[in-house]
Structures are given as C-alpha cells and as structure tokens.
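Novice:
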Amino acid sequence: MASRKRKTIGFRTEEELADTVNEIVNDSDSDTDNIPKFSSSEKCEPESANESDNEINISIPGPSRRETDVTPTTGFSKDDRQPRIPPFTGNPGVQFAVESEADVMRYFDHYIPPELIEIVVDQTNLYAQQQIAKMPRPVTKHARSEEWKLVTVIKMKKILSLIFVTGIVRKTKLELYWPTRRIFQTPLFSQKFSRNRFQLIQRYLHFNDNNAAGTNEDRLYKIRTILDIVVNNFGTNYIPDREISLDEGTLGWWGR
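Numbering (my numbering), first residue to last: 252 to 507.
(1) So T487 and Q346 are in contact, right, with Cβ under 8 Å, and what is the actual spacing, rounded?
(2) Okay, do the segment 453-470 and the segment 358-376 touch, 3+ Cβ pairs below 8 Å being the bar?
(3) Starting from K329, trace the alpha helix (DSSP H) both ways and give me its first and last residue.
(4) Compare the beta carbon distance of I370 and T476 with 8 Å and say whether it is the shorter of the two.
(5) Quick check on E494: buried or exposed, where buried means 16 or more other Cβ atoms within 10 Å of its Cβ?
(6) I need the straight-line Cα distance from L528 to I275, nearest angstrom please.
(7) Does the Cβ of E302 have 16 or more other Cβ atoms within 10 Å, making it buried, or fewer, making it exposed?
(8) If I452 sits next to I410, beta carbons under 8 Å apart, how far is it from one beta carbon to the other, in whole angstroms?
(9) Go ahead and label A379 buried or exposed: buried means 16 or more other beta carbons lie within 10 angstroms of its beta carbon, across all protein chains shown.
(10) Whose C-beta lies closer than 7 Å to the C-beta of T437 among residues of the same chain, with five residues either side of it excluded?
(11) Going by the beta-carbon positions, is the gap between L413 and F440 smaller than 8 Å?
(12) So, at 6 Å on beta carbons, what are the nonlocal neighbours of P430 in its own chain, with the 5 sequence-adjacent residues on each side left out?
(13) Using the Cα positions of M386 and R395, report the straight-line distance between them to the nearest angstrom.
(14) With C-beta atoms as the reference, is Y508 less than 8 Å away from N461?
(15) Distance check for A464 and G506, CA to CA, integer angstroms please.
(16) Please return the same chain residues whose Cβ sits closer than 7 Å to the Cβ of F339, not counting the five positions on each side in sequence.
(17) Report buried or exposed for V402, applying the criterion of at least 16 other Cβ atoms within 10 angstroms of its Cβ.
(18) Check G486 in the structure and name its three-state DSSP category.
(19) Where does V416 sit, in a helix, a strand or coil, going by DSSP?
(20) Could you give the distance in angstroms between the alpha-carbon of V416 and the alpha-carbon of H393?
(21) For S299, count the other beta carbons within 10 Å of its own beta carbon; 16 or more makes it buried, fewer makes it exposed. Which is it?
(22) Using the DSSP secondary-structure output, state which residues sit across from V349 in a beta bridge.
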C-alpha cells in the first residue's frame, strides 16, 4: 500500500480543523463506529474545577523558587545588599618632591633612572659589535655598519627623546622627519642627529644580551631587565586614587 505524503496544513478556524479531522477518519480502514466525530458546532469545554484544582496542587520535588531567605554562603538572593568595601588607606599622587615643576628631567629620572639608560647603552653597543662581527668580509663601500660609533648616555637620552616626539608629531614614514622640502621640516630631528645615524642606532637598539639567554624560556627575556626596573619605579613613585577606570586597553582581552 503506497504511503501517503504528509502535507502541512494551516487552519484558520476550529470549523476547518473539525472538517479535516472527520475527513481523515472516514477515509481510514479502521472501524468508524468506535471513533467519535468532531462537529464544527462543538466548542471546546473547559476542564472541570476538580481537574484544574488537581493540576494546581501538583507538587514538584526540589527547592521552591519562592524562597528568598538565602544566605551569602548558600547562594544568591534577590535582596540587595551593601557591598563590603575595605577602607582606602593609600596616599595617592606623586611620591617624591621636586623643587621646580619645570624641571622635567627630575621627573624623568625618577621613572627612567640613569642606571637604566646605562644598561641600554651597554647592550646596544654590545649588540652592534656582535652583528658587525658576523657580517661577511669585505663589506660594501657604502655599508652603514662601517660608520658605527659607540653610543653614549647623552646620545641615548637624545634618541629616546626623539622617539617620544614621534608619538606626538605623527608622520607616515620615519624618513619624513628629515625632509628636504622646507614646508615639511621638523628641525629638532636634523639638529640632533643625521637620518643615517638615527636609523643606525635604532637598528642596533637592544636591552639584553642574546648570547646569555641560553635555555631561558622567559618570552620577555629581551626586555626583562628594564621592564622590572620600570614597573618597580612606576609602582613606587606614583599611587593612583581609590577610583580607577580600567578597560580592554589596560587588561588583556581575548573576546570578540
């Protein structure tokens, strides 16, 4: 016997539903006398009061959802509670005194101390010598590595100051800080360094000895020495206020 295809039928009224059910029942092979027929005039009668009462009185095992007396040790509660905030005992602000607020270098030395600059100078000179020694000989006539000169602490401070300026005076390429056209000039850069000298120091700028890394698995090994100094100085020399606003720029965020 071929199977009938099922069709999805939508009914607008109870009369259409009743007519369709009667048609299906009459077409079946079963005994139709024992199957009650639905009439379009019949209306759905509500359940008896007793049955409705029985349904209401059905008890569901488990804790009741209406329970609100929940202690903090057992779960949550709908009642608002005042959070317990420990007293703020810090002394916010700068933790050192400077005679003149215009003395910018005194502020700078507290956060970037001279010993940190000396570490950068030593590691930069060391890395430059290591890289130059690895170059094949003879070198080309115009190789910039042949123009290398040891960096001093004063020169390194000037390099760092110009790097800070690049974050304020934005240009699309580093070479544009030494333009040939007067309208684009940034005199500070050409007064302190030539373009080739600045780029050469920037190429060999280093903070730790690669040869001493060994099997060190620290991913921040190359900056670990100066990072520890900077983090300690920033945490010691300045204490923030009680209210702090943190966002994804401050905390690591891996969401979308």
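Note that beta-carbon positions come from the ideal geometry of N, C-alpha and C, so glycine has one too.
Specialist: Inspection of the coordinates gives the following:
(1) 7 Å
(2) yes
(3) Segment: none, K329 is in no alpha helix (DSSP H) and carries neither H nor E.
(4) yes
(5) exposed
(6) Nothing can be reported for residue 528: it is not among the residues displayed for the chain, which extend from 252 to 507.
(7) Note that E302 has pLDDT 49, beneath the 50 cutoff, so the model's placement of it is unreliable and no number is given.
(8) 6 Å
(9) buried
(10) V420, Y428
(11) yes
(12) Q436
(13) 12 Å
(14) Residue numbering for the chain in the displayed model covers 252 to 507; residue 508 lies beyond these limits and cannot be assessed.
(15) 33 Å
(16) R493
(17) buried
(18) helix
(19) helix
(20) 30 Å
(21) Its pLDDT being 47, under 50, S299 is placed unreliably by the model, and the measurement read from it follows with that caveat. Exposed, since its Cβ has fewer than 16 Cβ neighbours within 10 Å.
(22) DSSP output for V349 lists no bridge partner at all.
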